[in-house]
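Student: Dropping a structure here in structure tokens format, bear with me for questions.
Protein chains: 2
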Amino acid sequence: MIRSYDPRTGESSGAPFAPVSEAEVDAVVRAAHAAGRAWRALPATERAREFSGAEDVTRAQALEAVADALEKNAEELWRAADAETALGEVRLRGEIARAAGQFRLFAGVLRDGAHLEAVIDHASAEPPIPDLRRMNHPLPGVAGVFAASNFPFAFSVAGGDVASALAAGCAVVVKAHDGHPRTSELSAEVIRGALPDPALLGLVHGLEAGGHLARHPAVAAVGFTGSIPGGKAIQALIAERPDPVPFYGELGSVNPVVVLPSVRRDGLAQGFAASLTLGTGQFCTNPGLLFVPDDAGLLASLAEAVAATTGGPMLTGRIRDGYLHGMERLSTLTPLAEGRPGEGAFAVTPKVFTTGLGDFAAALPGVAEECFGPASIVVTYRDPAELPAVLERLEGSLTATIHATDPAEAREVSEVLLRKAGRLIWNGWPTGVAVRWSMHHGGPWPASTAPAHTSVGAAAIRRWLTPTAYQDWPAELLPPELRDDNPLSVPRRVDGALTLPPREGA
Amino acid sequence: MIRSYDPRTGESSGAPFAPVSEAEVDAVVRAAHAAGRAWRALPATERAREFSGAEDVTRAQALEAVADALEKNAEELWRAADAETALGEVRLRGEIARAAGQFRLFAGVLRDGAHLEAVIDHASAEPPIPDLRRMNHPLPGVAGVFAASNFPFAFSVAGGDVASALAAGCAVVVKAHDGHPRTSELSAEVIRGALPDPALLGLVHGLEAGGHLARHPAVAAVGFTGSIPGGKAIQALIAERPDPVPFYGELGSVNPVVVLPSVRRDGLAQGFAASLTLGTGQFCTNPGLLFVPDDAGLLASLAEAVAATTGGPMLTGRIRDGYLHGMERLSTLTPLAEGRPGEGAFAVTPKVFTTGLGDFAAALPGVAEECFGPASIVVTYRDPAELPAVLERLEGSLTATIHATDPAEAREVSEVLLRKAGRLIWNGWPTGVAVRWSMHHGGPWPASTAPAHTSVGAAAIRRWLTPTAYQDWPAELLPPELRDDNPLSVPRRVDGALTLPPREGA
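The listed protein sequences correspond, in order, to chains A and B.
Heads up: the first sequence begins at 13 in my numbering, then just goes up one per residue.
Heads up: the second sequence begins at 13 in my numbering, then just goes up one per residue.
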């Protein structure tokens with residue numbers, strides 16, 4: 013049975029959740045698949061509804077209704093999540109707002125229409141070339157989504173994978189994270205209440221249920237946020253399918269931060285310590301490696317800032333155990349500082365180690381493996397010219413950060429980091445992922461299994477879309493977005509040239 | 013040793029090609045990787061060169077130089093390919109023109125700039141959100157490409173995978189197809205002569221060399237066109253990598269053609285027979301399934317048209333053997349017609365079988381497996397209302413075709429086929445893939461391992477690109493495409509709104 017635990021007390025509470033059997037997974041996926049047929053046929057936007065004369069709610073409106081429902085139920089949601097994650101009211105209310113914002117962003121994506129990538133190439137007589145048109149449609153099946161532990165809303169049942177898949181036109185079945193089963197159920201209930209058919213969002217509990225989900229023939233793609241071993245296991249299951257479907261996994265990231273000699277030092281140590289310990293270090297973008305000049309004063313200020321932090325309970329006992337194992341692995345390095353111990357059953361202590369660049373390079377790749385939690389390695393260098401060769405040997409990350417005042421000084425390091433991470437940050441800290449058109453949350457393995465794609469931001473919808481080309485297709489059967497008169501006013505490429513629809517009111 | 017065989021005589025000629033050892037593969041990939049650094053740093057377009065003040069050739073110009081070189085060497089190329097494939101002058105000259113056209117299309121893609129997907133979201137003070145910008149860059153490594161047998165130019169060394177990867181900014185190493193090793197070498201020589209560094213295009217021979225290529229740490233993604241077992245084997249090798257990279261495989265397709273009762277019958281049988289036997293049936297888009305009304309006259313005309321065709325030599329002895337095995341598998345069906353036997357050592361005979369819709373459905377999925385070559389199954393139906401449920405059970409295809417005069421009659425069938433194929437064709441035949449902005453050459457498994465992507469047409473470049481987001485990044489280090497003044501005039505999304513650069517001369 014899956015129980016809901018309070019990380020502060022280690023006690024379980026409430027009725028347990030039964031692992032879902034293969035037959036139950038099958039029923040949930042089938043119901044979602046059936047509901048998905050109607051969902052993909054709904055008009056995406058009000059303009060599409062106007063054009064078709066339908067009176068249905070639009071997909072964009074349904075996404076906004078989900079956002080409203082999340083906000084309306086924020087009180088109950090944050091309390092449920094706090095009891096299971098100990099992340100606290102401020103963070104959790106912020107996360108609910110962010111989750112709601114994600115659903116609204118995707119409503120905006122649908123109204124914009126560029127995600128359809130509509131293209132029209134008219135026929136030519138000489139040489140004889142047929143009329144060819146192309147646009148994106150939802151994948152022909154259910155999106156399977158594996159929820160993460162560390163964001164009980166924004167990367168879980170109310171998260172970006174679910175929002176983007178629903179926006180694309182796919183029904184979704186989520187494998188709940190065992191760390192917050194009650195929050196998962198409550199989130200699903202709130203979201204379902206805002207959707208035209210509750211079966212559009214299925215929810216299953218249990219490790220084996222996850223396996224059945226990844227293997228289910230009606231599942232057309234899988235999204236995953238979690239550990240490298242977990243992601244590899246799902247990918248292996250998918251590889252055994254008769255039809256291996258796309259797997260979009262976000263698996264791990266050490267998020268190197270490089271402090272160059274020209275940096276202004278005020279606030280640097282405090283910024284690092286705050287980013288390191290945010291949410292007890294349980295961010296995919298947590299700064300796990302900090303490269304700094306070998307300078308006793310800087311190291312002392314880092315040690316002081318870390319010593320001023322306080323630990324806290326991790327999300328689950330298993331995650332806490334993983335952190336403690338990571339501490340053992342890092343214990344060959346020199347301890348630099350540790351924070352005050354946190355309180356609570358699953359509590360851990362922030363801890364920072366240090367080593368020189370040469371020793372660090374000699375211990376690669378093992379030394380740079382992600383240790384999920386508030387731990388980091390401060391790597392000291394004497395000659396910044398030695399940094400690029402070492403950074404080149406790092407695995408992929410979601411983010412890489414440079415602290416410097418002189419851009420010219422950063423050129424070479426930034427060229428290496430560009431190939432190592434999906435997001436480059438200047439004089440900031442990697443924790444915090446803005447939900448915007450421009451966000452990219454991905455990177456080379458193990459940051460992502462699909463480096464062309466992102467799991468956050470407007471482009472995340474593309475994971476659930478697939479193009480269709482129409483050759484000499486009759487206008488009566490073309491989607492309206494591909495008819496010559498562009499009745500839905502979507503951006504299109506016509507005979508090679510990008511064209512924008514007239515703006516409203518312009 | 014890999015020998016060059018003439019499919020007409022079955023005789024080998026010329027010096028054999030030695031399988032490439034692991035050490036040699038490593039050397040070729042490393043050389044390509046090193047050359048790729050300079051290639052990705054080249055200005056993509058003349059505008060970029062003007063802006064940077066560099067005097068280098070641009071990537072777009074280099075692609076056009078490759079196109080020119082292919083055309084200039086067409087005589088030697090087609091003769092080499094004809095000796096190894098027996099595809100004939102007209103087809104091979106056409107294919108060289110098509111390959112050259114592909115390189116020119118991608119030069120146009122670079123000059124257009126939309127493939128960069130540039131996005132700018134300016135900072136906001138309240139709520140505090142950082143400045144965030146995003147665009148695509150080449151994958152940080154070499155593109156590994158497995159050439160296909162059936163298009164010795166357009167899906168081989170001079171093919172779309174190579175053209176799109178070079179356009180993206182990646183160096184390429186091709187695993188030559190054993191069916192045309194000499195053509196592969198000659199193509200590589202011609203292309204290298206037009207590139208700023210010949211190491212940008214590596215070529216290796218041999219099955220094991222392919223394995224070493226797929227596993228090489230400097231390979232950042234793999235493209236493949238070939239059989240389902242071949243594709244699965246490569247995908248399994250990639251799964252064992254410490255960093256499983258993207259695999260873009262096009263593996264198989266039966267390309268169903270559905271003839272609805274309203275169809276005009278003149279020319280239908282001839283069109284089918286011509287499409288079936290084009291290139292001795294060795295097209296990925298060959299019509300392997302034809303659904304027709306159960307009508308003796310129509311069947312007789314199909315039989316007559318097929319009987320009027322002539323077979324020919326297949327590309328290799330192994331492909332011929334595969335076709336003969338396929339014939340055995342299909343021999344439980346009723347033979348409808350066969351063409352005249354072809355001439356030559358590897359020659360086969362076009363053959364068409366027939367069965368009723370009910371029997372066909374009962375024999376699924378095995379009966380609908382692709383039989384590569386000039387074979388097809390004519391499935392007769394009595395009630396078109398029974399078609400959707402059977403079509404729903406087909407695997408993914410690159411194409412699906414409807415023949416009808418009345419679009420309304422086709423609505424239900426077309427809605428099923430939309431979920432089954434990447435390209436829908438009206439009253440035409442699936443063979444022939446136009447290289448255009450609008451082309452989609454992909455589909456659900458086994459048509460493609462990555463249904464969001466295409467291997468033909470402008471969007472094929474996306475397989476070799478990965479986004480980077482820049483947060484609060486200094487203007488001096490931003491790519492010019494992301495600077496506020498847009499000096500390279502690329503299409504961008506700025507603060508949520510798509511914007512087009514002013515057109516030249518407008």
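Every residue, glycine too, gets a C-beta built ideally from N, C-alpha and C.
Would you call the CB atoms of A/P28 and A/G218 closer than 7 Å?
Tutor: No, the pair does not count as a contact, with Cβ atoms beyond the cut-off.
Student: Where are the beta strand (DSSP E) runs, 3 residues long or more, that stay fully inside the stretch 356 to 411 of chain A, in chain order?
Tutor: You should have 363 to 368, 387 to 393.
Student: With DSSP collapsed to three states, give me the class of A/R61.
Tutor: Correct three-state label for A/R61: helix.
Student: Using a Cβ distance threshold of 8 Å, determine whether the stretch 209 to 227 of chain A contacts the stretch 186 to 201 of chain A, with at least three qualifying pairs required.
Tutor: Enough Cβ pairs lie closer than 8 Å, so yes.
Student: Can you tell me whether DSSP reads A/M326 as helix, strand or coil?
Tutor: If DSSP states are grouped into helix, strand and coil, A/M326 belongs with coil.
Student: Quick check: the Cα distance between A/L151 and A/V184, rounded to an integer number of angstroms?
Tutor: Distance between the alpha carbons of A/L151 and A/V184: 11 Å.
Student: Comparing C-alpha positions only, which one of B/V121, B/G235, B/E138 sits nearest to B/G171?
Tutor: Among B/V121, B/G235, B/E138, the Cα nearest to that of B/G171 belongs to B/G235.
Student: If you draw a straight line from the C-alpha of A/I100 to the C-alpha of A/N298, how long is it?
Tutor: Checking the sequence shown, residue 100 of chain A turns out to be Gly, not Ile. Near 18 Å, if we compare the C-alpha coordinates of A/N298 and A/G100.
Student: Output the boundary residues of the beta strand (DSSP E) element that contains B/A302.
Tutor: According to the sequence displayed, residue 302 of chain B carries Leu and not Ala. Run containing B/L302: 301 to 305, per the beta strand (DSSP E) assignment.
Student: Using the C-alpha atoms, what's the distance from A/V78 back to B/Q73?
Tutor: Rounded to whole angstroms, B/Q73 to A/V78 spans 50 Å at the Cα level.
Student: Name the DSSP beta bridge partners of B/V231, please?
Tutor: BP columns for B/V231 point to B/V154.
Student: Under a CB-based cut-off of 7 Å, is A/H452 close to chain B?
Tutor: Yes, A/H452 lies at the interface with chain B (some Cβ there is under 7 Å from its Cβ).
Student: Going by DSSP in three states, B/G517 sits in which element: helix, strand or coil?
Tutor: With a pLDDT of only 46 at B/G517, under the threshold of 50, the placement of this residue in the model should not be trusted; the figure read from the coordinates follows. Coil, per DSSP.
Student: Is B/P28 close to chain A? Criterion is C-beta to C-beta, closer than 7 Å.
Tutor: B/P28 does not count as touching chain A.
Student: Hey, how far is the Cα of A/T602 from the Cα of A/G120?
Tutor: Missing from the structure shown is residue 602 of chain A; chain A here goes from 13 to 518 and no further.
Student: For B/A56, does the count of other Cβ atoms within 10 angstroms reach 16, so buried, or fall short, so exposed?
Tutor: Buried, by the Cβ-count rule.
Student: On the DSSP bridge list, what partners appear for A/M451?
Tutor: Paired residues: none, contrary to the question.
Student: Return the chain-ordered list of same chain residues with a C-beta closer than 6 Å to the C-beta of B/V271, the five sequence neighbours on each side being excluded.
Tutor: Closer than 6 Å at the Cβ level, and outside the excluded window around B/V271, lie V304, H415.
Student: Give me, in chain order, the residues of the same chain whose beta-carbon lies closer than 8 Å to that of B/P463; leave out the 5 immediate sequence neighbours on both sides.
Tutor: If we look at B/P463 and ignore the five residues flanking it on each side, its Cβ neighbours are G408, G434, G454, G455, P456, W457.
Student: Whose CA, out of A/P210, A/G243, A/F165, lies closest to the CA of A/A109?
Tutor: The shortest C-alpha separation from A/A109 is found at A/F165.
Student: In chain order, which continuous runs of the alpha helix (DSSP H) of length 4 or greater are located wholly inside the stretch 144 to 225 of chain A?
Tutor: With a minimum length of 4 residues, the continuous alpha helix (DSSP H) runs that stay inside the stretch 144 to 225 of chain A are 172 to 180, 193 to 206.
Student: Nearest by alpha-carbon distance to B/V154: which of B/F259, B/A459, B/T392, B/R146 is it?
Tutor: Measuring from the Cα of B/V154, the nearest candidate turns out to be B/F259.
Student: Beta-carbon within less than 8 Å of A/L212's beta-carbon, same chain only, minus the 5 sequence neighbours each way: which residues are those?
Tutor: Only A44, A47, G48, W51, L178, A183, V184, R204 meet the Cβ criterion.
Student: So which of A/T443, A/R474, A/P377 has the shortest CA-CA distance to A/A233?
Tutor: Nearest option by C-alpha distance: A/R474.
Student: Use the C-beta contact count for B/G517: other C-beta atoms within 10 angstroms, 16 or more gives buried, fewer gives exposed.
Tutor: A caution first: B/G517 carries a pLDDT of 46, below 50, which makes its placement in the model too unreliable to give a value.
Student: Alpha carbon to alpha carbon, how far is A/M451 from A/P19? Give it in angstroms, no decimals.
Tutor: Roughly 32 Å between the two C-alpha positions.
Student: Our contact map puts B/R146 next to B/T480 with C-beta atoms below 8 Å; I'd like the distance itself, whole angstroms only.
Tutor: Going by Cβ atoms, the distance from B/R146 to B/T480 rounds to 7 Å, so yes, they are a contact pair.
Student: What residues in its chain sit with their C-beta under 6 Å from that of A/A206, if we drop five residues either side in the sequence?
Tutor: Taken in chain order, the residues that qualify are A77, V78, A81.
Student: Could you spell out the range, first to last residue, of the beta strand (DSSP E) harbouring A/L494?
Tutor: Here A/L494 belongs to no beta strand (DSSP E), and DSSP marks it neither H nor E.
Student: For B/L399 and B/V266, what's the separation of their Cα atoms in angstroms?
Tutor: If you take the alpha carbons of B/L399 and B/V266, they lie about 16 Å apart.
Student: Measuring only the C-alpha atoms, how far is B/T367 from B/A160?
Tutor: Their backbone Cα atoms lie some 32 Å apart in a straight line.
Student: For the putative contact between A/G329 and A/G354, defined by C-beta atoms under 8 Å, what is the C-beta separation to the nearest angstrom?
Tutor: In fact, because the Cβ distance is near 14 Å, the residues do not count as touching under 8 Å.
Student: For B/L510, name the three-state secondary structure that DSSP assigns.
Tutor: Looking at B/L510 - three-state DSSP - the assignment turns out to be strand.
Student: Let me confirm a value: B/R352 is counted as buried when at least 16 other C-beta atoms fall within 10 Å, else exposed. Which label applies?
Tutor: With fewer than 16 other Cβ atoms within 10 Å, it is exposed.
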